[in-house]
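K.L.:
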Amino acid sequence: MLLPDYYEFCCRVKIVAGHDALEKIPELLTERGAKRPLIITDKGVASAGLIDIVSAAQKDRLFADLIADNVPPDSDLRVVNQLAKLYKENDCDAIIAVGGGSVMDTAKGVNIVVSENAEDLMAFSGVGALKRPLKPLIAVPTTAGTGSEVTQVAVIKDHEKHLKMAFGSYFLLPDISVLDSRMTMTMPPLITAMTGMDALSHAVEAYYCLQKNPLSDAHSLAAVRMIYHYLPIVAENPSDRNARLSMAVGACLAGIAFSNSMVGLVHNLGHATGSVCGVPHGICMAIMLPYGLEYNMHKREEAIAGLLLPMAGEAIYRETPPAQRADKVVSLIRQLNADLNTITGGRHARFFKEVKDREGKPLVPREVLPQIARAALSDGASIYNPEDTDYEDNLMVLEAAWEGIPLDRNKIKRG
Amino acid sequence: MNSVPVFAFTCPVKTNSGNKALEHLPVELAGLNACRPLIITSAKAVGRKAVRTLQNAFGDSGMTLGLFDGVTKTADLGLIEHLKNICLEKKYDAIIALGGYDIVDAAKVLNLAVSLDTADAHKLSPETPVRRHLSPLVVVPTAAASGLETSKFAHFSRRIYSSEYLAPNLVVIDPRLTRAADGKTIAATGLAALGRAAESHISADANPFRDAYSFAAIRFVKENLPAAVIKPADKKASLAILNAASMSGCAASDANSARLHKLGQVFYEMQHIPQGVIMGMCLPHVLGDYLQEGINDLASLLLPLVGEDEFSRTPAAKRADAALAVLGRFLADLYGALGKDLPRNLREAGVPGYIMEDILDVLDKDNEGPYLRTVVERIAE
Amino acid sequence: MSIVKDIPSAKKPLKRAYVGIFLWFTGRAIQAAAKVDKEVKKEFDNLPDDFTFSLGCLPNGPWMVIGKRNGAVKYLGGNPSQHKVHVRLAIKSVDAAFLILSFQESTALATARNRLITDGEVPYALAVIRILDIVEVYLLPKIIAGLAVKRYPKQWSAGRKLGGRIGIYARTILGI
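Residue numbers (this note's numbering), protein chains in the order written: chain A, 24 to 438; chain B, 1120 to 1500; chain C, 409 to 584.
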């Protein structure tokens, strides 16, 4: 295990996980001296009946009027301010966020406003503007993928001023993340597959990106083992509660790994494809993941080979000659995408030309690839990728990922 | 693969490790809203040079540092009360503990007294409720560390304080401070880390989050302790051992089984023998007993101990035995390299017979007392 | 006498001076590169008209400021508080800056090692990092620049390298 010349690692979040972990929330609130939590969620989560499960677990701590389910899919400053008002008017003393990325972002924004008595959220944007602990925030993720229950960033949009405010601080880490198998049980196979591949991409990229360190590595390896093993199982048997819980734990481990080691090319091109074509994030991650590995192979072969044991187990590891282990990792991930494609009846896309909208229209026409390649130059994930990327590199990778053919590694520019 | 039982894990400690880590302290403290830190240390234990290195790291920051360099093994709540009053009077807003063992324990209890604004620190006890974040506490370990520096525990005046808020916000591991004066010191630190990490890793209540810390700790000790012992001035190896110590404390904060810890602690408190020395003696016996009892997963030690290749070649049924054999050879090599400097039993450690009775008395009060007694008997000669 | 001593922190005049001189030199080199190198010029062309960025050390400097003023790229001195800065690259300490600016640690590695804090709009910050990489390739001999950037640009023509290098050095020293 490599010890870098210098590294930093931090995940202060308390993880509580189990089939009935939600029942621990009242006790956790008491430990923090909190009595009146505000529950923040969105309509989708509420209509799936998940808030009922969270509520039932609160027993006498439940205040029905303190459930806000109006978080939009895209975080919105107005909603943040409105929820902060609700919090203050009701003398709340903690926040429970139930949902995916935008719910977590919104809850973090509300927490800044109520803890710092902020009139203007903008004053706290950027890195390191927060200097002290905020109010207790409990995160209850409802997808096993984003890892936002353990990340220290939040993005809030001011739609009136067309501003995107980014916040980064260890004080934005939730105090507690509660991983409960009931929260992901009703996710349909397609969503399960794409969010699961999102989690896998976090674990894998964290293992080869520049900021990797022994603790992020240990989290990555455990995450890769759990996600690779359990993802096909939950996609096939959505009601397997042990597999669901393992996926939630795996995605959380992956979230811890990548928020400390950062992500690279897969996220860089994936973000760009998402913003140009509106392809769901998880699909982009699933398609790009083998290419991120191939593109960085000449700089990170040893690390990539190190993923074979946690993925494939001892027998395959033993049978694969050392020089072929990294390649084997890439082919196993391609195979996983193919298996998920089969399990979902062909709906889990393996390459960009397979991605279609509801009407069956291709979402990523080949002509937009140059536009995506250019957009990727403005995405921060490129900083942490081991190998440099420019416009031509991006385009080459995107074309291969569109067609679904492996990268021609001889064409990758080296220094 | 087994499913995951209900569990909780937390590690409130941020790790900064490596070249010039100390120089980031002014920025780290500013991020914690602190600008007037008080350094708590023992000049005798860590050396004047270490204190100067830490001071110099604040060069150019414009900060004024407080320094108390007189922590002793007999520090008590009287000292805490005295320091607390100075802290409040001089408005120190963060504590930096430089060193290991008692120094950090004292700093944790002082932080408790200052943060809770305790009217009289003499009244502090392990029962004092802690429900909120304390003032910023930074630990800067030197070569002699128990591993518990990063944990939620403080062993102070023969009492054990325990709260996740007691754990430091930040541990800064800098290679200028981790080099040991001799092989024995770093061996003791490494063995304590190994003992704590191993006991956490195999325990029945282990979970994947905690395992990440124990896995990395075991691997670092196995890969780096021999080099660090032969060449105590080796920066890279000692840095890795102190990393392992720090990780082992994070894992041990959360673990219930702690036989090795209890044995190490009692001899440290009564005889000031570094915990790792005793834990090294007990390791084969205690792990062997765990294997016999069949509750703990000894096989899980093999991968961090030997790496992927040897692990994959060993059939699943033989992994527990293989792990114990590897540990046995590892310890034998260490004892071989250090000769008389690293005692193999209590007689070599010079524990006088009349103290043994007192030690056994203390152990008897533990709920595992009768068992711990058998281990002490086995390491006597 | 109290058992607690108060110790004011020392100064580091030599490291500060080295870092200060290097920042001054790099600042003037960026100004020069914007005139000599097409790629650097293009990066600046894509940035807003009053674009300004700073590079320096926490907590107390030194700093350098570069800005676009009336279409030209200018080294604006060492005081960021006088300007509205779009992107701030802050190194966590003078010692860390010394590591980076004495080429013991590359900019990419320093970022990866959490020594460099980037504040500002991400696309702008990325442009600044690309500009710094190109300037480093011009200023440094290949063996050192190869460490300082992720991928040394082998495909540059000998003419671009040599011509650019002479041009940038001459302009940096003359301050034009």
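Cβ atoms here follow ideal geometry from the backbone N, Cα and C, with glycine treated the same way.
What residue range is occupied by the uninterrupted alpha helix (DSSP H) comprising Glu112 of chain A?
P.N.:
Reading the first sequence from its first residue, position 89 is the one you call residue 112 of chain A. First-last of the alpha helix (DSSP H) with Glu112 of chain A: Leu100 to Glu112.
K.L.:
Can you find a CB in chain A that lies within less than 8 Å of the CB of Pro1327 of chain B?
P.N.:
Along the second sequence, read from residue 1 onward, the residue named residue 1327 of chain B stands at position 208. With 8 Å as the cut-off, Pro1327 of chain B counts as an interface residue toward chain A.
K.L.:
Which value, in whole angstroms, describes the spacing of the CA atoms of Ser298 of chain A and Ile395 of chain A?
P.N.:
Residue numbering aside, residue 298 of chain A sits at position 275 when the first sequence is read from its first letter. Residue numbering aside, residue 395 of chain A sits at position 372 when the first sequence is read from its first letter. Each residue's Cα considered, the two are about 8 Å apart.
K.L.:
Does the beta carbon of Val173 of chain A sit closer than 8 Å to a beta carbon anywhere in chain B?
P.N.:
Counting from 1 along the first sequence, the entry for residue 173 of chain A is found at position 150. No, Val173 of chain A lies away from the interface with chain B (no Cβ there is under 8 Å from its Cβ).
K.L.:
Using the beta-carbon of each residue, which ones in chain A are nearer than 8 Å to Tyr560 of chain C?
P.N.:
To locate residue 560 of chain C, count along the third sequence from 1; it is residue 152. Within 8 Å Cβ-Cβ: Gly438.
K.L.:
Comparing C-alpha positions only, which one of C:Asp414, C:Val481, C:Ile499 and C:Val493 sits nearest to Asn454 of chain C?
P.N.:
As a position in the third sequence, residue 454 of chain C is number 46, starting the count at 1. With distances taken between Cα atoms, Asn454 of chain C lies closest to C:Val481.
K.L.:
What are the residues that DSSP puts in a beta bridge with Ala162 of chain A?
P.N.:
For this step, residue 162 of chain A is matched to residue 139 along the first sequence. DSSP lists A:Ala120 and A:Ser200 as partners of Ala162 of chain A.
K.L.:
What span of residues does the beta strand (DSSP E) with Gly1447 of chain B cover, start to end?
P.N.:
Along the second sequence, one-based indexing puts residue 1447 of chain B at 328. Per DSSP, Gly1447 of chain B belongs to no beta strand (DSSP E); it is in the alpha helix (DSSP H), Arg1438 to Leu1457.
K.L.:
Does DSSP put Tyr532 of chain C in a helix, in a strand, or in coil?
P.N.:
Locating residue 532 of chain C in the third sequence gives position 124, counting from the first residue. DSSP places Tyr532 of chain C in helix when its eight states are reduced to three.
K.L.:
Give the interface partners of Arg364 of chain C over in chain B, defined as CB-CB distance under 7 Å, in chain order.
P.N.:
In the structure as shown, chain C begins at 409 and stops at 584. Residue 364 of chain C is therefore absent and cannot be evaluated.
K.L.:
Answer yes or no: does any C-beta atom of chain C fall closer than 8 Å to that of Ala1149 of chain B?
P.N.:
The sequence position of residue 1149 of chain B within the second sequence is 30, counting from 1. Yes, because at least one Cβ of chain C sits closer than 8 Å to the Cβ of Ala1149 of chain B.
K.L.:
How would you call Gly369 of chain A, buried or exposed, if buried means at least 16 neighbouring beta carbons within 10 angstroms?
P.N.:
Position 346 of the first sequence, counted from the start, is the residue given in the question as residue 369 of chain A. Gly369 of chain A comes out exposed.
K.L.:
Would you mind stating whether Val1132 of chain B and Val1340 of chain B have Cβ atoms separated by less than 8 Å?
P.N.:
The residue you call residue 1132 of chain B lines up with position 13 of the second sequence. The residue you call residue 1340 of chain B lines up with position 221 of the second sequence. No, the Cβ-Cβ distance between Val1132 of chain B and Val1340 of chain B is not below 8 Å.
K.L.:
Can you give the Cα-Cα distance for Ile1337 of chain B and Ser224 of chain A, rounded to whole angstroms?
P.N.:
Sequence index remark: in the second sequence, residue 1337 of chain B carries index 218 (1-based). Sequence index remark: in the first sequence, residue 224 of chain A carries index 201 (1-based). Taking the straight line from one Cα to the other gives about 27 Å.
K.L.:
Which residues, in order along the segment 1348 to 1368 of chain B, keep a beta-carbon less than 8 Å from a beta-carbon of chain A?
P.N.:
Cβ contacts with chain A come from Lys1355, Leu1358, Ala1359, Asn1362 and Met1366.
K.L.:
Which residues in the same chain as His491 of chain C place their Cβ atom closer than 8 Å to its Cβ, once the five residues preceding and following it in sequence are excluded?
P.N.:
Taking the first residue of the third sequence as position 1, residue 491 of chain C is located at position 83. Once the five neighbours on either side are set aside, the close Cβ partners of His491 of chain C are Thr460, Ser462, Val473, Gly475 and Leu484.
K.L.:
Taking the beta strand (DSSP E) that Val178 of chain A falls in, what are its first and last residues?
P.N.:
As a working note, residue 178 of chain A is residue 155 in the first sequence. Where Val178 of chain A is concerned, the enclosing beta strand (DSSP E) stretches over Val176 to Asp181.
K.L.:
Would you verify that the beta carbon of Ser501 of chain C is, or is not, closer than 8 Å to some beta carbon of chain B?
P.N.:
Start at 1 with the first residue of the third sequence, and residue 501 of chain C comes out as number 93. Answer yes: the Cβ-Cβ gap between Ser501 of chain C and chain B drops below 8 Å somewhere.
K.L.:
Using Cβ-Cβ distances below 7 Å, what residues of the segment 452 to 470 of chain C are close to chain B?
P.N.:
From the segment 452 to 470 of chain C, only Leu466, Pro467 and Asn468 have a Cβ closer than 7 Å to chain B.
K.L.:
Roughly how many whole angstroms lie between the Cα atoms of Arg155 of chain A and Ala117 of chain A?
P.N.:
As a first step, residue 155 of chain A must be located in the first sequence, where it is residue number 132. As a first step, residue 117 of chain A must be located in the first sequence, where it is residue number 94. Those two C-alpha atoms are separated by around 16 Å.
K.L.:
Using a Cβ-Cβ cut-off of 8 Å, state whether Lys1133 of chain B counts as contacting chain A.
P.N.:
As a first step, residue 1133 of chain B must be located in the second sequence, where it is residue number 14. It does: the Cβ of Lys1133 of chain B has a partner Cβ on chain A nearer than 8 Å.
K.L.:
Just how far apart, CA to CA, sit Lys413 of chain C and Gly1189 of chain B?
P.N.:
Within the third sequence, the letter at position 5 stands for residue 413 of chain C. Within the second sequence, the letter at position 70 stands for residue 1189 of chain B. Going from the Cα of Lys413 of chain C to the Cα of Gly1189 of chain B covers about 11 Å.
K.L.:
Using alpha carbons as the reference points, say which of A:Glu410, A:Glu54, A:Ile428 and A:Asn433 lies closest to Leu555 of chain C.
P.N.:
Within the third sequence, residue 555 of chain C is the residue found at index 147, counting from 1. Ranking the options by Cα distance to Leu555 of chain C, first place goes to A:Glu410.
K.L.:
In chain B, which residues lie less than 8 Å from Tyr193 of chain A when you measure between Cβ atoms?
P.N.:
Stepping through the first sequence from its first residue, residue 193 of chain A is reached at position 170. Within chain B, the residues near Tyr193 of chain A are Lys1133 and Gly1150.
K.L.:
Could you give the first and the last residue of the continuous alpha helix (DSSP H) run that contains Phe1386 of chain B?
P.N.:
Looking up residue 1386 of chain B in the second sequence gives position 267. That run of the alpha helix (DSSP H) goes Arg1378 to Gln1390.
K.L.:
So Glu410 of chain A contacts chain C; which residues on that side make the cut at Cβ distance below 8 Å?
P.N.:
Here residue 410 of chain A refers to the residue found at position 387 of the first sequence. Lys558 and Arg559, listed in chain order.
K.L.:
Under 8 Å between beta-carbons, which chain B residues line up against Gly412 of chain C? List them in chain order, please.
P.N.:
Looking up residue 412 of chain C in the third sequence gives position 4. At residue 412 of chain C the sequence reads Val, which differs from the Gly that was named. By Cβ distance, chain B contributes Leu1157, Gly1185, Leu1186, Phe1187, Leu1202, Ile1205 and Lys1209.
K.L.:
By a C-beta neighbour count over all protein chains shown, 10 Å radius and 16 as the cutoff for buried, is Ala440 of chain A buried or exposed?
P.N.:
This structure gives no information on residue 440 of chain A, because the portion of chain A shown stretches from 24 to 438.
K.L.:
Counting only Cβ pairs nearer than 8 Å, list the residues of chain A close to Gly554 of chain C.
P.N.:
Taking the first residue of the third sequence as 1, we reach residue 554 of chain C at position 146. Those are Gly438, listed as they occur along chain A.
K.L.:
Just the Cα atoms here: how many angstroms apart are Tyr1409 of chain B and Arg1378 of chain B?
P.N.:
As a working mapping, residue 1409 of chain B is identified with position 290 in the second sequence. As a working mapping, residue 1378 of chain B is identified with position 259 in the second sequence. Rounded to the nearest angstrom, the two C-alpha atoms are 10 Å apart.
K.L.:
Any contact of the segment 259 to 277 of chain A with the segment 380 to 391 of chain A, i.e. 3+ C-beta pairs under 8 Å?
P.N.:
Because the criterion of three Cβ pairs below 8 Å is not met, the segment 259 to 277 of chain A and the segment 380 to 391 of chain A do not touch.
K.L.:
Closer than 8 Å, CB to CB, is Gly1137 of chain B near chain A or not?
P.N.:
Numbered from 1 along the second sequence, position 18 holds the residue referred to as residue 1137 of chain B. Interface residue, yes.
K.L.:
What three-state label does DSSP hand Ala1216 of chain B in the structure shown?
P.N.:
For the purposes of this step, residue 1216 of chain B is taken as the residue at position 97 of the second sequence. Three-state DSSP puts Ala1216 of chain B in a strand.
K.L.:
Under 8 Å between C-beta atoms, does Ser417 of chain C make it to chain B?
P.N.:
On the third sequence, position 9 is the one that residue 417 of chain C refers to. Yes, Ser417 of chain C counts as interfacial toward chain B.
K.L.:
Identify every residue that forms a DSSP beta bridge with Met472 of chain C.
P.N.:
For this step, residue 472 of chain C is matched to residue 64 along the third sequence. Answer is C:Leu463, bridged to Met472 of chain C.
K.L.:
Work out the CA separation of Gly435 of chain C and Asn487 of chain C for me, nearest whole Å.
P.N.:
By one-based count along the third sequence, residue 487 of chain C stands at place 79. By one-based count along the third sequence, residue 435 of chain C stands at place 27. Cα to Cα, the separation comes out at about 12 Å.
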